[in-house]
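Its first residue numbered 47, the sequence shown is counted upward by one per residue in the working numbering. Every residue gets a Cβ at the ideal spot worked out from N, C-alpha and C, and that includes glycine. Quick caveat, the model's predicted, so the values are computed rather than measured. Quick notes on the structure that follows.
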Amino acid sequence: SARNWAGYGAAVDLPAGLEASTRDLLTDPQTSGGLLIAVSAEGAEAVLALARADGFDRAAVVGRVVEGPPRVRVTA
47 SARNWAGYGA AVDLPAGLEA STRDLLTDPQ TSGGLLIAVS AEGAEAVLAL
97 ARADGFDRAA VVGRVVEGPP RVRVTA
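Listed below in structure tokens is the structure:
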């Protein structure tokens with residue numbers, strides 16, 4: 047939503063040419079809640095295996111946390 051984007055958009059780097067409709071998916075409260083599990087790199091495969099065993103066939107690693115200033119970088 048526009049309100050969500052206004053709250054944290056300044057800390058998000060989007061790829062050039064990203065359509066507004068795609069950006070809207072990142073900020074829509076209906077599509078952004080409850081979709082992310084944070085786990086150590088060492089535990090990622092085990093968590094993916096558990097998720098897939100429970101029927102979440104599309105479970106995947108979608109990012110990583112690195113040191114530095116707080117930013118989110120979205121890539122295609």
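### Query
From this set, Ala106, Pro116, Arg104 and Val58, which residue's C-alpha is nearest Leu72's C-alpha?
Sequence index remark: in the sequence shown, residue 72 carries index 26 (1-based). Cα-wise, what sits closest to Leu72 is Val58.
### Query
For Val120, which three-state DSSP category applies?
For the purposes of this step, residue 120 is taken as residue 74 along the sequence shown, with counting starting at 1. Coil.
### Task
With Glu91 as the anchor, note down where its alpha helix (DSSP H) starts and where it stops.
For this step, residue 91 is matched to residue 45 along the sequence shown. Unbroken alpha helix (DSSP H) run through Glu91: Ala90 to Ala99.
### Query
Can you tell me the Cα-Cα spacing of Arg98 and Ser47, whole angstroms?
Locating residue 98 in the sequence shown gives position 52, where the first residue counts as 1. Locating residue 47 in the sequence shown gives position 1, where the first residue counts as 1. Near 31 Å, if we compare the C-alpha coordinates of Ser47 and Arg98.
### Task
Compute the distance between the beta-carbons of Arg69 and Leu82, then report whether it is under 8 Å.
Mapped onto the sequence shown, residue 69 falls at position 23. Mapped onto the sequence shown, residue 82 falls at position 36. No.
### Task
Since I believe Ala84 is in contact with Val107 (beta carbons under 8 Å), could you give me their beta-carbon distance rounded to a whole number of angstroms?
Along the sequence shown, read from residue 1 onward, the residue named residue 107 stands at position 61. Along the sequence shown, read from residue 1 onward, the residue named residue 84 stands at position 38. Actually they do not touch by this definition, with Cβ atoms about 11 Å apart.
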